[in-house]
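Asker: Got a structure here, written out as structure tokens. Questions coming.
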Amino acid sequence: MNKLLLTAYGFSTPKIIDVAQKMIQENKITKACIISTSWPKEKEKHPQMQQIKKDLLSMNIQQVDFLDVEFEDAYKLFDYDLIFLNGGYPFYLLHFIKKSGADLILKKINQSGGLIFGLSAGSIVLGPSIALMQYLYPEDNQFNDTNLDGLNLTAIHVYPHFKEMLTRDPTIKDKIDKYETETGINITRLNNDQALAVNNDTQTFLD
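Right, here's the structure in full:
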């Protein structure tokens with residue numbers, strides 16, 4: 001079983017909200033956990049974390065908790081029906097997911113049919129690799145990690161906030177195009193109003 005929702009900016013459109021709610025209802029989700037590790041300083045106090053909690057509660061999930069796998073026991077993830085990997089710093093998030101053993105736990109949750117949602121960095125690490133991030137932003141790899149393998153719960157390589165990042169760096173399109181040419185890897189560019197729903201072998205692009 002493979003049930004994922006890869007978003008660039010969370011529940012940012014009515015269509016994404018509708019699909020998320022349907023997944024939550026179909027899987028009878030009652031308890032959700034937001035992994036807050038991706039913001040190194042702010043953690044669950046970051047406004048994005050609080051907004052996601054608010055959004056999940058509005059979808060009639062009875063309990064929504066935060067878990068920071070940098071400092072807390074990753075085995076607690078087994079207590080939840082839905083895991084949400086929030087946005088922030090992908091290198092930091094993946095480093096502590098692996099160090100804590102949460103990578104193996106998330107794979108088991110995924111294999112047993114548990115729901116896993118991602119936002120930005122969370123969506124990136126759910127894929128096969130964060131090598132594109134190393135290619136574009138090597139300065140963000142503060143631990144100098146050489147193993148850039150992601151959780152590999154999907155074959156999809158995501159680059160979030162594409163349209164927004166173009167306004168900050170007009171060369172980003174050429175850089176990603178060059179990476180695709182050099183590696184043969186296809187990068188799925190997601191704007192803030194787009195997402196990908198994965199249900200086993202079926203992938204639905206939401207825009």
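Take 1 as the starting number for the sequence shown in this note's numbering and just add one per residue.
Every residue gets a Cβ at the ideal spot worked out from N, C-alpha and C, and that includes glycine.
Quick check on DSSP: helix, strand or coil for Leu138?
Answerer: Locating residue 138 in the sequence shown gives position 138, counting from the first residue. Reading off the sequence, residue 138 comes out as Pro, not Leu. Helix at Pro138.
Asker: Please name the residue or residues paired with Lys208 in a DSSP beta bridge.
Answerer: Here the chain has residues from 1 to 207 only, and residue 208 is not among them.
Asker: Classify Leu94 as helix, strand or coil using the three-state DSSP reduction.
Answerer: Residue 94 sits at position 94 when you count from the first residue of the sequence shown. Residue state, collapsed to three classes: helix.
Asker: Whether or not the stretch 71-84 and the stretch 106-119 are in contact is what I'm after, with contact meaning three or more pairs of Cβ atoms, one per stretch, closer than 8 Å; do they touch?
Answerer: yes
Asker: In whole angstroms, give me the CA-to-CA distance for Asn200 and Ile16.
Answerer: Mapped onto the sequence shown, residue 200 falls at position 200. Mapped onto the sequence shown, residue 16 falls at position 16. Spanning the two alpha carbons is a distance of roughly 18 Å.
Asker: Between which two residues does the alpha helix (DSSP H) harbouring Ala102 extend?
Answerer: Along the sequence shown, one-based indexing puts residue 102 at 102. For Ala102, the enclosing alpha helix (DSSP H) begins and ends at Ala102 to Gln111.
Asker: Quick one, which of Asp73, Met59 and Thr7 has its alpha-carbon nearest Ile29's?
Answerer: To locate residue 29, count along the sequence shown from 1; it is residue 29. Measuring from the Cα of Ile29, the nearest candidate turns out to be Met59.
Asker: With distances taken Cα to Cα, identify the nearest neighbour of Phe78 among Leu119, Leu106, Met165 and Phe143.
Answerer: Within the sequence shown, the letter at position 78 stands for residue 78. Of the candidates Leu119, Leu106, Met165 and Phe143, the one whose C-alpha sits nearest the C-alpha of Phe78 is Leu106.
Asker: Pick helix, strand or coil for Val69, following the three-state DSSP scheme.
Answerer: Taking the first residue of the sequence shown as 1, we reach residue 69 at position 69. Note: Val69 maps to coil in three-state DSSP.
Asker: So what's Ile24 in DSSP terms, helix, strand or just coil?
Answerer: Numbered from its first residue, the sequence shown carries residue 24 at position 24. Ile24: helix per DSSP, three-state reduction.
Asker: Could you check whether Phe71 and Ile34 sit closer than 8 Å to each other, using their CB atoms as the reference points?
Answerer: One-based indexing of the sequence shown puts residue 34 at position 34. One-based indexing of the sequence shown puts residue 71 at position 71. Taking 8 Å as the Cβ cut-off, Ile34 and Phe71 do not qualify as a contacting pair.
Asker: Could you check whether Leu94 and Val125 sit closer than 8 Å to each other, using their CB atoms as the reference points?
Answerer: Within the sequence shown, residue 125 is the residue found at index 125, counting from 1. Within the sequence shown, residue 94 is the residue found at index 94, counting from 1. For Val125 and Leu94, yes; Cβs fall inside 8 Å.
Asker: Checking the sheet assignment: what are the DSSP bridge partners for Gln63?
Answerer: Indexing the sequence shown from 1 puts residue 63 at position 63. In DSSP, Gln63 forms a bridge with Lys31.
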